[in-house]
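Here the structure is laid out as structure tokens; the discussion comes afterwards.
Residue numbers (the numbering used here), protein chains in the order written: chain R, 1 to 389; chain A, 1001 to 1326.
Encoded structure:
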């Protein structure tokens, strides 16, 4: 922390010196009209030299401040950067850029925490987590581009499809180690390097995770009963993929399409709650609710409780509402993708690649964890300590 | 021109009122008599009141010739702030509410000052503010829903309680209360007169006649932001938690409600009652479509069609009024 603050201090000092100096140079170049000349134009020759001399003296004094500041700042930056490149044991510090999908999100906060924890636990690894303010494939792609332009030793990429292929290749071409995590849809790439990365990624295959959670959920409902799938982010390809997985598993288990309803909602919890309440009023024969995010799941649990119907409900991920709903029995189960472990393992995999030269550390699956009333107390303790989400 | 048509064009609340009644009856019949049940009326009331209170502020601002696109972020900011102060700092809910409302009033004032002093359109000034507040919301809430832990406080119950012997919750009553107050201000005070006067031709005529244009617009920006923040806090009291995505479309939905209610996008014309009916129409449409089993994707399509129809009708009505000299 102190090291970081010192670097910032030196940079600010250097900027102050350099830009202050530039400002003075510009002032010098600008033709100035001395006050005396402006007031008495006829006396220009008398007072012109005097005013220029005063100007020069003033600028010299200012340059005397700015130039040493610039030199001290640049020297400090150099020293700090040299120090920051060393680990506790004196070896060179590894720099890892960890690119997430979004800032300030509970799920991504856990991934970030896992990644930075791994950086702290491994000696000489400096992990920088970066993510866009708002999620979109384009925004994430831009952040990856920025991350690799800083030439880190390793980059962790949430590879969501072909649009990430070029930045991944750029990172590999400049010699950085790359690790896919959370999403790894590169198996259809024409670049064998990307295919290998997709085959050795850290994280859950969401389609498989949906199938896995459906197995538990199907024990709570019977074929032919009405099931509703509330999709909180209907425009997201990843959410559509999960939706497809549930539709497939329900179809395989004997449901026909008319007995399954896909209902797009939003991420506004209060609005979702009202719409779900209305839906359940119109379809009192609903036997199962499937959601795959915590905001939608929390609203569904509450709507189900208010409707007073005997409905089985499941969600994905964890937050305080989901935990309380499982404890109260309004939500039967939730699936956690163990984001902390995804962040942690991705950094460990990069460390192994960079330090020991492993080409293909094996695929790391942090395992789908199904949370229900049996293990909720244990998971809640982890959640409260910030390492389960 | 038929006198009835001219009367109807003058009272533009008639359109949304007829639409509301017709839609309600249609949904009731199509859903197997499920619409006029306490559960559905409660859902319509909750969906309408959160947009309706925001729409009230947007109405007064649009009449004075300005827009506020930041209301959806303000709607989320106030409850996040209120819940955080109550939960983490242990503040009494009333004090937290007052501070949250004060904070959003500063946002409204800033919107007004930006628009007045920089000369940039309010559309751009408040769009910038929208992004800025969304970012602040994310920082405050950290992405997770913020739950209000103190729910037994008297103020919280006043704000969000279910009304005994009715399917309604308090926010609906608050909406009509704020509506009545705003109607009085708009129709019976000098501020209301000034608001209509400055909506015409960017206030140039009003300014020439000595109307305090800047003061009136600033007050309207503040009122708009405060009502958006209050609406968010009322929803928090009713629902129990808020998130950065709370009211995410309310900036656009409020404009839709206001336009459906007959308020002109060019200022001057508009009524509080029309906007309230517009909000109720949106809530009815949203809830009714779910009830009759329409695919959720159709909702936005219908909103778009409804908005276009309302805007075209308003433009046509203005032409007829201008021709008839009324």
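C-beta atoms are modelled at their ideal positions from N, C-alpha and C, and glycine is treated no differently. Just so we're clear, the structure is a prediction, and the values are computed from it rather than from any experiment.
{"Item": "Whose C-alpha, out of A:1060, A:1126, A:1240 and A:1028, is nearest the C-alpha of residue 1072 of chain A?", "Value": "A:1126"}
{"Item": "From the DSSP output, which residues share a beta bridge with residue 366 of chain R?", "Value": "The partner list for residue 366 of chain R (beta bridge, DSSP) is empty, contrary to what the question assumes."}
{"Item": "Assuming residue 299 of chain R contacts residue 272 of chain R (C-beta within less than 8 Å), just tell me the rounded distance between them.", "Value": "4 Å"}
{"Item": "Residues in the same chain with beta-carbon distance under 6 Å from residue 1029 of chain A, minus the five sequence neighbours each way, listed in chain order, please.", "Value": "none"}
{"Item": "To which residues of the same chain is residue 134 of chain R closer than 8 Å at the C-beta, ignoring the five residues directly before and after it?", "Value": "102"}
{"Item": "Spell out whether any CB of chain A is found under 8 Å from the CB atom of residue 295 of chain R.", "Value": "yes"}
{"Item": "Just the chain A side, please: which residues come within less than 7 Å of residue 277 of chain R by C-beta, in chain order?", "Value": "1039 and 1043"}
{"Item": "Considering only residues of the same chain and omitting the five flanking positions on each side of residue 1100 of chain A, which have a CB-CB separation below 8 Å?", "Value": "1077, 1078, 1079, 1081, 1082, 1085, 1229 and 1233"}
{"Item": "For the ligand GTP, any of its heavy atoms closer than 7 Å to the Cβ of residue 240 of chain R?", "Value": "In the structure shown, the ligand GTP is absent, as is every other ligand, since no ligand is present at all."}
{"Item": "Does the distance from the CB of residue 1109 of chain A to the CB of residue 1222 of chain A come in under 8 Å?", "Value": "yes"}
{"Item": "Which first and last residues belong to the alpha helix (DSSP H) in which residue 1180 of chain A is found?", "Value": "1170 to 1188"}
{"Item": "Would the region 241 to 253 of chain R and the region 1012 to 1029 of chain A be scored as touching if the rule is three or more Cβ pairs under 8 Å?", "Value": "no"}
{"Item": "Tell me whether residue 1007 of chain A sits in a helix, a strand or coil according to DSSP, three-state version.", "Value": "helix"}
{"Item": "Assign residue 292 of chain R to one of three DSSP states: helix, strand, or coil.", "Value": "coil"}
{"Item": "So with Cβ pairs under 8 Å, would you call residue 1171 of chain A a contact of chain D?", "Value": "Given the protein chain composition of this structure (R and A), no chain D is represented."}
{"Item": "Using 8 Å as the limit for Cβ to Cβ distance, is residue 153 of chain R near chain A?", "Value": "no"}
{"Item": "Enumerate in chain order the residues of its own chain whose CB-to-CB distance from residue 1041 of chain A is below 6 Å, with the five nearest sequence positions on each side excluded.", "Value": "1167"}
{"Item": "Which of helix, strand or coil does DSSP assign to residue 1014 of chain A?", "Value": "helix"}
{"Item": "Check residue 160 of chain R in the structure and name its three-state DSSP category.", "Value": "coil"}
{"Item": "Name the chain A residues whose beta carbon is nearer than 7 Å to that of residue 320 of chain R?", "Value": "1147"}
{"Item": "Return helix, strand or coil for residue 122 of chain R, following the three-state DSSP convention.", "Value": "coil"}
{"Item": "What distance in whole Å lies between the Cβ atoms of residue 204 of chain R and residue 337 of chain R, which are believed to be in contact at a cut-off of 8 Å?", "Value": "5 Å"}
{"Item": "For residue 290 of chain R and residue 222 of chain R, I'd like the C-alpha separation in whole angstroms.", "Value": "14 Å"}
{"Item": "Please confirm whether residue 273 of chain R has its beta-carbon closer than 8 Å to some beta-carbon of chain A.", "Value": "yes"}
{"Item": "Mind listing, in chain order, the continuous beta strand (DSSP E) runs of no fewer than 3 residues lying wholly within the region 141 to 211 of chain R?", "Value": "154 to 159 and 177 to 184"}
{"Item": "Which bits of chain A does residue 268 of chain R rub up against, with CB to CB less than 7 Å?", "Value": "1245, 1246, 1247 and 1248"}
{"Item": "Taking the C-alpha atoms as reference points, what is the distance between residue 148 of chain R and residue 1139 of chain A?", "Value": "26 Å"}
{"Item": "Determine which residues of the region 1060 to 1080 of chain A have a Cβ less than 8 Å from any Cβ of chain R, and write them out in chain order.", "Value": "none"}
{"Item": "Which residues, in order along the region 99 to 123 of chain R, keep a beta-carbon less than 9 Å from a beta-carbon of chain A?", "Value": "102, 103, 104, 105, 106, 107, 108 and 109"}
{"Item": "Taking the continuous alpha helix (DSSP H) assigned at residue 260 of chain R, which residues delimit it?", "Value": "No alpha helix (DSSP H) holds residue 260 of chain R; the beta strand (DSSP E) holding it covers 260 to 264."}
{"Item": "Taking any Cβ of chain R, which residues in the region 1216 to 1246 of chain A have a Cβ under 9 Å from it, in chain order?", "Value": "1235, 1236, 1238, 1239, 1240, 1241, 1242, 1243, 1244, 1245 and 1246"}
{"Item": "Residues of chain R with a CB under 8 Å from the CB of residue 1129 of chain A: which are they?", "Value": "Simply none; closest approach about 15 Å."}
{"Item": "Residue 1104 of chain A: which of A:1301, A:1224, A:1246 and A:1255 sits nearest, CA to CA?", "Value": "A:1224"}
{"Item": "Can you tell me where the beta strand (DSSP E) holding residue 226 of chain R begins and where it ends?", "Value": "226 to 231"}
{"Item": "Does any CB atom of chain A fall closer than 8 Å to the CB of residue 133 of chain R?", "Value": "yes"}
{"Item": "How long is the line joining the alpha carbons of residue 368 of chain R and residue 358 of chain R, rounded to whole angstroms?", "Value": "26 Å"}
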